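Taking it in order: structure first as structure tokens, then the write-up.
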Amino acid sequence: EVQLVESGGGLVKPGSSLKLSCVASGFTFSSYGMHWIRQAPKKGLEWIALIYYDSSNKYYADSVKGRFTISRDNSKNTLYLEMNSLRSEDTAMYYCAKPDITTDNWFAYWGQGTLVTVSS
Amino acid sequence: DVVMTQTPPSLSVAIGQSVSISCKSSQSLVASDKNTYLNWLLQSPGRSPKRLIYQVSKLDSGVPDRFSGSGSEKDFTLKISRVEAEDLGVYYCLQGTHLYTFGAGTKLELK
Chain Y
3 EVQLVESGGG LVKPGSSLKL SCVASGFTFS SYGMHWIRQA PKKGLEWIAL
53 IYYDSSNKYY ADSVKGRFTI SRDNSKNTLY LEMNSLRSED TAMYYCAKPD
103 ITTDNWFAYW GQGTLVTVSS
Chain G
161 DVVMTQTPPS LSVAIGQSVS ISCKSSQSLV ASDKNTYLNW LLQSPGRSPK
211 RLIYQVSKLD SGVPDRFSGS GSEKDFTLKI SRVEAEDLGV YYCLQGTHLY
261 TFGAGTKLEL K
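Chains as they are written, first to last, in my numbering: chain Y, 3 to 122; chain G, 161 to 271.
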């Protein structure tokens with residue numbers, strides 16, 4: 003069974019940094035590209051980053067480009083999101099998501115999320 | 161980034177009614193392989209989003225044929241015929257031709 007468990011969220015001040023983790027199990031982590039997606043309170047979904055299975059390519063939404071960095075450690079089955087220069091508008095639940103290649107479902111599996119609150 | 165404009169933001173319906181949701185893209189979603197990567201997802205309360213339709217009009221396995229998707233290029237529609245209680249939640253369009261962009265969502269509620 004695919005499991006994705008995010009952690010690392012919390013309350014931080016504007017301008018500060020935070021690093022999120024997503025521990026994966028139930029599949030061969032090193033074979034899949036992985037995503038980060040966020041959802042602000044009472045708002046819609048926003049895709050923010052993708053990393054290829056081998057870290058060879060990384061892509062970001064314009065809203066986080068230059069401030070957030072996606073990375074992974076395949077030896078630890080863990081995906082990361084390093085967030086710098088945090089702003090109030092970054093307040094959201096952050097989810098990692100895994101695709102299902104057989105159905106070309108880009109966000110087939112989601113974690114339970116970790117909440118990031120940016121406030122002074 | 162591509163902008164996906166989804167309307168209406170909310171719909172209040174009676175069971176058995178039919179509804180339509182519109183999604184318009186700021187760019188053509190026809191990819192270099194000629195496919196159009198436009199999905200529709202449903203986020204039921206307290207649940208992760210679930211894909212219903214992919215490539216504009218293809219239903220995922222197990223999705224009732226009350227759901228249908230149509231459109232092309234930049235203009236897309238999700239239609240739900242004969243709404244049932246289990247259909248309530250927030251619907252999102254999602255494009256995957258130019259990286260990924262969600263629409264703002266349409267909340268389907270009971271009248």
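For every residue, glycine included, the Cβ atom is placed at its ideal position computed from N, Cα and C.
It should be emphasised that the depicted structure is a prediction, and the values quoted were computed from it without experimental measurement.
Beta-bridge partners of residue i, as assigned by DSSP
i: G/Thr196; result: G/Val190
i: Y/Glu8; result: Y/Cys24
i: G/Ala264; result: Per DSSP, none; premise fails for G/Ala264.
i: Y/Thr30; result: Answer by DSSP bridge pairing: none, since Y/Thr30 is not bridged.
i: G/Asp235; result: G/Lys184, G/Ser232
i: G/Arg211; result: G/Leu201
Reference residue i, options the options, closest by Cα
i: G/Trp200; options: G/Glu244, G/Ser180, G/Val173, G/Lys194; result: G/Ser180
i: G/Tyr260; options: Y/Glu8, Y/Leu22, Y/Trp108; result: Y/Trp108
i: G/Lys267; options: G/Ser188, G/Ala191, G/Asp247; result: G/Asp247
i: Y/Tyr54; options: Y/Thr116, Y/Tyr62, Y/Leu117; result: Y/Tyr62
i: G/Thr167; options: G/Thr257, G/Leu270, G/Lys271, G/Cys253; result: G/Cys253
First and last residue of the uninterrupted beta strand (DSSP E) at residue i
i: G/Ile175; result: Where G/Ile175 is concerned, there is no enclosing beta strand (DSSP E), given that its DSSP letter is neither H nor E.
i: G/Ile181; result: 179–185
i: G/Lys271; result: Segment: none, G/Lys271 is in no beta strand (DSSP E) and carries neither H nor E.
i: Y/Leu2; result: Nothing can be reported for residue 2 of chain Y: it is not among the residues displayed for chain Y, which extend from 3 to 122.
i: Y/Asn59; result: Taken as a continuous stretch (DSSP letters only), Y/Asn59 belongs to no beta strand (DSSP E), as it is neither H nor E.
i: Y/Ile39; result: 36–41
i: Y/Ser73; result: 70–75
i: Y/Leu81; result: 80–85
i: Y/Gly113; result: Note, Y/Gly113: premise wrong, no beta strand (DSSP E); not H, not E.
Backbone CA spacing between residue i and residue j [nearest angstrom]
i: G/Gln215; j: Y/Gly28; result: 28 Å
i: G/Asp235; j: Y/Ser77; result: 43 Å
i: Y/Tyr96; j: Y/Cys24; result: 10 Å
i: Y/Val12; j: Y/Ser73; result: Note on residue identity: the sequence assigns Gly, not Val, to residue 12 of chain Y. The alpha-carbon atoms of Y/Gly12 and Y/Ser73 are separated by roughly 20 Å.
i: G/Val162; j: Y/Pro43; result: 22 Å
i: Y/Ala110; j: Y/Ser122; result: 35 Å
i: Y/Arg89; j: Y/Thr71; result: 15 Å
i: Y/Lys15; j: G/Cys183; result: 36 Å
i: Y/Ser58; j: G/Thr237; result: 36 Å
i: Y/Glu84; j: G/Gln187; result: 30 Å
i: Y/Thr116; j: G/Ser241; result: 36 Å
Chain Y residues whose Cβ lies nearer than 7 Å to that of residue i
i: G/Asp225; result: Those do not exist, as G/Asp225 stays about 18 Å from chain Y at its closest Cβ, beyond 7 Å.
i: G/Ser192; result: By Cβ distance, chain Y contributes nothing, its closest Cβ being about 16 Å from G/Ser192, past 7 Å.
i: G/Ser208; result: Trp112
Residue i: contacting residues in chain G (beta-carbon distance under 7 Å)
i: Y/Glu48; result: Phe262
i: Y/Phe29; result: Neighbours of Y/Phe29 on chain G: none; closest Cβ ~16 Å, over 7 Å.
**OP:** Using a Cβ-Cβ cut-off of less than 7 Å, give me the residues of the segment 56–89 of chain Y that come near chain A, in sequence order.
**Re:** Reference to chain A is not applicable here, since the protein chains of this structure are Y and G.
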